[in-house]
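Chemist: No gaps in the numbering here: position 377 of the sequence shown is 377 in my numbering, and each next residue is one more. Note that CB positions come from ideal geometry on N, CA and C, so glycine has one too. Because the structure is a prediction, the values reported are computed rather than measured.
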Amino acid sequence: MGKLKEAWKDRDNQYKYAKWLMKYSKPYMGRITLMMAFSIISTVVSLWMVQISKNIIDNATGGNKFVTLLIVYFCLMIAMQVVGIVSTLLSAILSEKFSFGIRKQIYDKIIRSHWMDVKRYHTGDLMTRLTSDAGAIADGIIGTIPNIIILFVELLMVFVTLFIYSPLLAVFAMLVAPVAALVSFFLGKKLKKLQIKVQESESNYRSFLQESLANLLVVKSFANEDYSVDRLTTLREERFKWVFKKTKMSIASSTVMSMTFQLGYIVAFAYGAWQISTGQITYGTMTVFLTLVNRVQSPIIGLAQQIPRVVSVLASAGRVIELQNIPVEERLPEVVTSDKIGVDIENLTFGYTDEIVLDNVSLNIKPGEFVAIIGESGIGKTTLLRIIMSFMGNYTGKVDFFDENGLTDPANANTRRFISYVPQGNTLFSGTVRENIRMGKLDATDEEMWDALKLSAGYDFVKELPNGLYTVIGERGHGISEGQAQRIAIARAFVRKAPLLILDEATSALDENTEKEVIKGLQQLEPRPTCIVVTHRKSILTYCDREIKIENKNMEEIQ
Ligand SMILES: Nc1ncnc2c1ncn2[C@@H]1O[C@H](COP(=O)(O)OP(=O)(O)O)[C@@H](O)[C@H]1O
Ligand SMILES: [Mg+2]
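#1: With a threshold of 7 Å (Cβ to nearest heavy atom), would Gln-305 be considered close to ligand 2?
#2: Looking at the secondary structure, which residues open and close the alpha helix (DSSP H) in which Pro-167 lies?
#3: Note down, in chain order, each residue of its chain lying with its Cβ closer than 7 Å to the Cβ of Leu-358, except the 5 sequence neighbours on either side.
#4: Give the DSSP-derived three-state secondary structure of Met-36 in the structure shown.
#5: Could you tell me the distance, in whole angstroms, from the CA atom of Ile-387 to the CA atom of Ile-345?
#6: From the DSSP output, in three-state form, read off Ile-558 for me.
#7: Our contact map puts Gly-431 next to Val-472 with C-beta atoms below 8 Å; I'd like the distance itself, whole angstroms only.
#8: Taking contact to mean at least 3 C-beta pairs separated by less than 8 Å, is the segment 311 to 331 in contact with the segment 112 to 125?
#9: Hey, would you say Leu-169 sits closer than 8 Å to Phe-289, going by beta carbons?
#10: In three-state DSSP terms, what is Ala-18?
#11: Are the beta-carbon atoms belonging to Gly-521 and Leu-455 less than 8 Å from one another?
#12: Would you decide whether Gly-591 is buried or exposed? Buried here means 16 or more other CB atoms lie within 10 Å of its CB.
#13: Going along the chain, which residues of its own chain have a beta-carbon closer than 8 Å to the beta-carbon of Asp-339, five neighbours each way excluded?
#14: Measuring CB atoms only, is the segment 23 to 34 touching the segment 135 to 151, in the sense that at least three cross pairs come out at less than 8 Å?
#15: Closer than 6 Å by C-beta to Val-153: which residues in its own chain qualify, once you throw out the five before and the five after it? Chain order, please.
#16: Please name the residue, chosen from Gln-484, Gly-474, Arg-309, that lies closest to Glu-464 on a Cα-to-Cα basis.
#17: Can you tell me whether Asn-405 is helix, strand or coil according to DSSP?
#18: Nearer than 7 Å: is that true of the beta carbon of Val-118 relative to any heavy atom of ligand 1?
#19: Which same chain residues, not among the five before or five after Val-218, have their C-beta less than 8 Å away from its C-beta?
#20: Under 8 Å, do Leu-525 and Val-518 count as touching if we go by C-beta distance?
#21: Using 10 angstroms around the beta-carbon of Tyr-17, count the other beta-carbons present and answer buried if the total reaches 16, otherwise exposed.
#22: State yes or no: is the C-beta of Ile-142 within less than 8 Å of the C-beta of Ile-32?
#23: I'd like to know if the segment 223 to 241 and the segment 197 to 211 are in contact, where contact means that at least 3 CB-CB pairs between them fall below 8 Å.
#24: Between Met-35 and Ser-91, how many whole angstroms is the CB-CB distance? I'm expecting something under 8 Å.
#25: Since Thr-415 sits in a beta bridge, which residues does DSSP pair it with?
#26: Using the rule of at least 16 other Cβ atoms within 10 Å of the residue's Cβ for burial, across every protein chain shown, is Leu-89 buried or exposed?
#27: Do you know how far the Cα of Arg-129 is from the Cα of Val-198?
#28: Report the residue ranges of all alpha helix (DSSP H) runs contained in full by the segment 419 to 487; include only those spanning at least 4 residues, in chain order.
#29: Below 7 Å, is the gap between the Cβ of Glu-237 and the nearest heavy atom of ligand 2?
#30: Closest to Ile-341 by C-alpha separation, out of Leu-407, Thr-131, Glu-551, Val-118, would be which residue?
#31: Select from Gly-302, Arg-417, Ile-374, Tyr-165 the residue whose C-alpha is nearest the C-alpha of Pro-560.
#32: With a CB to CB cut of under 6 Å and the five nearest residues on each side skipped, what residues in its chain are close to Asp-58?
#33: Taking the alpha-carbon positions, what's the Glu-551 to Arg-438 distance?
#34: Note down the Cα distance separating Ile-548 from Val-422, rounded to an integer number of angstroms.
#35: Output the distance between the C-alpha atoms of Leu-323 and Ala-317, rounded to the nearest integer angstrom.
Following this line, the structure appears as structure tokens:
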């Protein structure tokens, strides 16, 4: 009973996935239909050619009719080639467009969703869904589904033709159909489970690959090379295990089908031979028999072979829909327009899990204030900033941005327009220094960037770099020092000139003098932003208007 229930629930899901696929594929339907039309034309023409070849054989004694038939046959052959070329081109273009279309939609969705919800997935897993799963869906919609429809139409046409020649043979050839249907039905569900396992193991494998390459230094520092290679092998073997199981199941089904097919062919052959010997049919009709029996069975086998592919598409669609179901970040209408911004936090309670990190805290930061947040490691400083940044939404209490005119905006994805943020850790991208700084303000001029670098104490060292602003740095600032990377990250925030500046231990890798220079630069920013600075350094505190300490899930003002 439980199993039955589960199957029914699964059916519901399949329907949901199929509906999503239909909706997504709608804009491509015209072109997919055109592609199918080409295929069906090919089938019609080739059936016609079978007829002609029969006539050619039966008229082999020569004469005008024989020549005409040969010419017609030849012309049709050329036409078939042309249709083949056009449809191959069309399908290549369509498949590129479709598969990028679906990837773009998933990517778009990921970057517009709540950061916390997306962060639950490993980057490697997201990559697998974006590439492998999206690819399986594209192959399915462009290849498998149209193929199934074409095979059905083909089957019908061949069957009717065969039926005209010999109803008995036609019915016999169709005996393969129930075998195909039965095998597919029983293997379909199992195959889907295996396919999900294959994709999951692919995700694990990619996650490990991506992470160990990104942290190569750690792998080498601890002499983990052998371990890493072994681990990669284990993960690959895990994937291989599932792929192998899936392949075995596919082979089992195609063997059953192929045997049935061979049997049908032999019977048709024997039946035809007997009819020739008794003079009931011509050699031409015999040729038609054998060709058509072959042709009626191959679409049936083809249909059965599509089943594992449909299963793969549905499995991948499920994994992609899971991402599609993550809620998109809320964007509220923009009310505050002033460039003097304060933050009002009231009765804020938050925990990533059941464990509370901040318990009923309140803090009012007035426009123009310079506030330092201190507290021991792991106490919730970064968490507080993330809430101000609206990276997390599942808190209770109120977080508002306000200006001097009394207008307020509750924190949401749109209020990030007020903020320049320097996150904790190295957050540079590979590319030029200029590209990195420009992320703060996409239309910034070189002059603006140099100005920002002057204030972030980065001017001198960037000037010294071989290509200045155009110097290429590697992933996560590879090629420059940690402190230099921090100063570029600060310049990226400065160039934005937002009314609220948030620094999360942004000067932790700087020496005291350079840090002082950055703080002085910060105070020269025009217009002067409201500042929230998380720090462990006592030296910064002398420049601050207020000092807030987070302790015991609470906040307290240090006088
Ligand atoms: N993504 C997360 N999921 C669950 N717990 C988290 C997450 N990020 C941080 N934490 C926990 O929240 C607490 C506060 O972390 P954080 O705000 O980063 O501390 P810090 O004051 O050092 O910046 C820590 O106990 C940490 O373990
Ligand atoms: Mg922190």
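Modeler: This is what the structure holds:
#1: no
#2: That run of the alpha helix (DSSP H) goes 167 to 173.
#3: Leu-348, Thr-349, Phe-350, Gly-380, Thr-383, Leu-384, Lys-553.
#4: helix
#5: 10 Å
#6: strand
#7: Right, the Cβ-Cβ distance comes to about 7 Å (below 8 Å), so this counts as a contact.
#8: Taking 8 Å as the limit for Cβ pairs, the verdict is that the segment 112 to 125 does touch the segment 311 to 331.
#9: yes
#10: It is helical.
#11: Yes; because the gap between Cβ atoms is below 8 Å, this pair is in contact.
#12: This structure cannot speak to residue 591, because the chain is shown only from 1 to 559.
#13: Pro-499, Pro-527
#14: yes
#15: Ile-40
#16: Gln-484
#17: coil
#18: No - ligand 1 has no heavy atom lying nearer than 7 Å to the Cβ of Val-118.
#19: The residues are Asn-224.
#20: no
#21: Answer is buried; the Cβ neighbour count reaches 16.
#22: yes
#23: The segment 197 to 211 and the segment 223 to 241 touch, with three or more beta-carbon pairs separated by less than 8 Å.
#24: 6 Å
#25: DSSP output for Thr-415 lists no bridge partner at all.
#26: exposed
#27: 12 Å
#28: 433 to 438, 446 to 455, 459 to 464
#29: no
#30: Residue Leu-407 holds the alpha-carbon nearest to the alpha-carbon of Ile-341 among Leu-407, Thr-131, Glu-551, Val-118.
#31: Here the chain comprises residues numbered 1 to 559, so residue 560 is not present and cannot be evaluated.
#32: Thr-282, Gly-284
#33: 37 Å
#34: 19 Å
#35: 10 Å
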